[in-house]
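Protein chains in written order, with my numbering: chain A, 1 to 225; chain B, 226 to 450. This report refers to the structure that appears directly beneath it.
2 protein chains.
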Amino acid sequence: MGYQDEVFRKREQTLLATALKLFQKHGWEQVTVAQVADAAGIGKGTVYKHFATKDEIYARLALDFSQRCLEAYRRQGIGDQALASMRAVIRLSFDLMHQHPTEVQLSLHCERPEFQERLGPRFQSRFAELEVGYTRLFNELLEAAVARGEIPQVPIESVFWGIEAGFHGVMARVAAGGFGHWSTTPDMARYFDHVADFMIAGLLGASAIGATLERQGPNTEGEST
Amino acid sequence: MGYQDEVFRKREQTLLATALKLFQKHGWEQVTVAQVADAAGIGKGTVYKHFATKDEIYARLALDFSQRCLEAYRRQGIGDQALASMRAVIRLSFDLMHQHPTEVQLSLHCERPEFQERLGPRFQSRFAELEVGYTRLFNELLEAAVARGEIPQVPIESVFWGIEAGFHGVMARVAAGGFGHWSTTPDMARYFDHVADFMIAGLLGASAIGATLERQGPNTEGEST
DNA sequence: TGCCAACAATGACCAACAGTCATAATATGA
DNA sequence: TCATATTATGACTGTTGGTCATTGTTGGCA
């Protein structure tokens, strides 16, 4: 049983790698299951022994990528300058996205709620877990920044959503393959630096606002117009 | 010829409205062309007299929505406090997204480059034009802020991409239908306020950074760590 | 080694759907 | 009223995701 199982596992990896290669070459939407099976040297029916639907292949690739990224961010660690560490993590994530545009496209595709609904709870919870992992990482970085006195104590929501939005924006841009038809076409490195700066600036500014409101009392309807 | 033409035009609007209604009810991916035709009370073949592909229906809905939004932002105008006006436009856009999640989903779908490639140049240029319209609007708001002394003169790229990323993030969140499985579940209005604050804070902070670098000389490799 | 049972791989097959086109219905105009 | 041009239609086609009865393979046992 052990050996067969090993073979089975190996083939799953081969399948994923083959699928990814084809997706990169021809666009993930155009590639058919039959093509993947063919390229992997197995029958089409066998693919469905590993993945219940084509969508599961997408989901696996997206999840594995996201998982590897999270691990890479964790390896980076938190230095004695917390905001600098946060910027470094942000910048690293941009670079990883840039190196793996197909995976980013798949991630965006898989994040859609109808998609996850179709996948079933097994995968939904894996996506949810990863999201928790990312939120936790951000929280740790934020708390480190507070502990080191780089930003004031502030409720996490007042900065988290802005950061999250920034990530999504860059994902969308990377998935779109850069700047295409744009008039002002910065190279990606410059673009990444601008957005990273923007996100850190937003974090600093928003946390200052948050702290002010907090001091005035949490229930203030903060319409600063 | 005039009368028939009128009928034809009317039916196109009916088709789009019917399609949108079905998309809202059953999810745009699940709805078939036959269903749309049926609900509109015409034959399936007739749909293809109006739209060359199903994707063109998506594109039309996305384009029309985006166009209407841009007009709404323009109507808002620029008051004597430019940053407040910008925040108002941002906030308005969030509200419009919130009211029209299906259109937001379609917009995200249609922005993907493979999608636009398949559509052909006719539609590609319409999307590109809209993008120019948005960039121009942002530029005007930014210049007004500079003219009123609210922020220093700064190259547009150093702030534009951050803002753009923020918009995308909110679009993704709205398309995902809010916060679903989250532990901390703010209501949408609070969420929108946070992100809007974050974006304005980022704008202020990043333009300050940009101005500093500018003063030091534009070619500085600005590695502030 | 030869045989059998359990298991795995396969590709012909099915259903669903986007898109086509020959034909039917309708409008136009003399 | 009839002939002709125009428009609407849904049966049809090709493609693809997914299924399953059949075929092939493996491993244990006599």
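A virtual CB, placed ideally from N, CA and C, is assigned to each residue, including glycine. No experiment lies behind these values; they were computed from the predicted model shown.
Just checking: is the beta-carbon of residue i within a distance shorter than 8 Å of some beta-carbon in chain B?
i, result
"Pro-152 (chain A)", "no"
"Ser-107 (chain A)", "no"
"Asp-197 (chain A)", "yes"
"Leu-22 (chain A)", "no"
"Ile-209 (chain A)", "yes"
"Gly-149 (chain A)", "no"
"Gly-27 (chain A)", "yes"
"Glu-6 (chain A)", "no"
"Ser-158 (chain A)", "yes"
"Ala-145 (chain A)", "no"
"Ala-19 (chain A)", "no"
Please decide whether residue i counts as near chain A, where near means a Cβ-Cβ distance under 8 Å.
i, result
"His-323 (chain B)", "no"
"His-275 (chain B)", "no"
"Asn-444 (chain B)", "Note that Asn-444 (chain B) scores a pLDDT of 46, beneath 50, so its modelled location is shaky and nothing firm can be said."
"Leu-429 (chain B)", "yes"
"Ala-426 (chain B)", "yes"
"Ala-397 (chain B)", "yes"
"Val-256 (chain B)", "no"
"Thr-450 (chain B)", "Low confidence applies to Thr-450 (chain B): its pLDDT is 36, below 50, so where it sits in the model is not reliable, and the reading given next is rough at best. Yes, because at least one Cβ of chain A sits closer than 8 Å to the Cβ of Thr-450 (chain B)."
"Glu-237 (chain B)", "no"
Cβ closer than 7 Å: which chain A residues qualify as neighbours of residue i?
i, result
"Leu-416 (chain B)", "Per the sequence shown, residue 416 (chain B) should be read as Tyr rather than Leu. Under the 7 Å cutoff, chain A gives Trp-161."
Show which residues of chain B have a CB atom less than 9 Å away from the CB atom of residue i.
i, result
"Pro-113 (chain A)", "Ala-400, Ala-401, Gly-402, Gly-405"
"Phe-167 (chain A)", "Ala-390, Gly-394"
"Gly-45 (chain A)", "Here the premise fails: no neighbours, minimum Cβ distance about 26 Å."
What are the boundary residues of the alpha helix (DSSP H) that includes residue i?
i, result
"Asp-95 (chain A)", "82-99"
"Pro-226 (chain A)", "Past the boundaries of the shown model lies residue 226 (chain A); chain A is included only from 1 to 225, so the question cannot be answered."
In chain B, what lies closer than 7 Å to residue i by C-beta?
i, result
"Ala-37 (chain A)", "Ordered by position in chain B, no residue passes the 7 Å Cβ test against Ala-37 (chain A), which lies about 22 Å from the chain."
Inset, instruction - Name, going along the chain, the residues of the stretch 282-297 of chain B whose beta-carbon falls closer than 9 Å to a beta-carbon of chain A. - result: none
Legend entry - Whole runs of the alpha helix (DSSP H) within the stretch 32-68 of chain A, excluding any shorter than 4 residues: 33-40, 44-50
Inset, instruction - Would you mind listing the alpha helix (DSSP H) stretches within the stretch 382-409 of chain B that are 4+ residues and don't spill past its ends, in chain order? - result: 382-400
Inset, instruction - Entirely within the stretch 350-386 of chain B and at least 4 residues each: give me those alpha helix (DSSP H) ranges in chain order. - result: none
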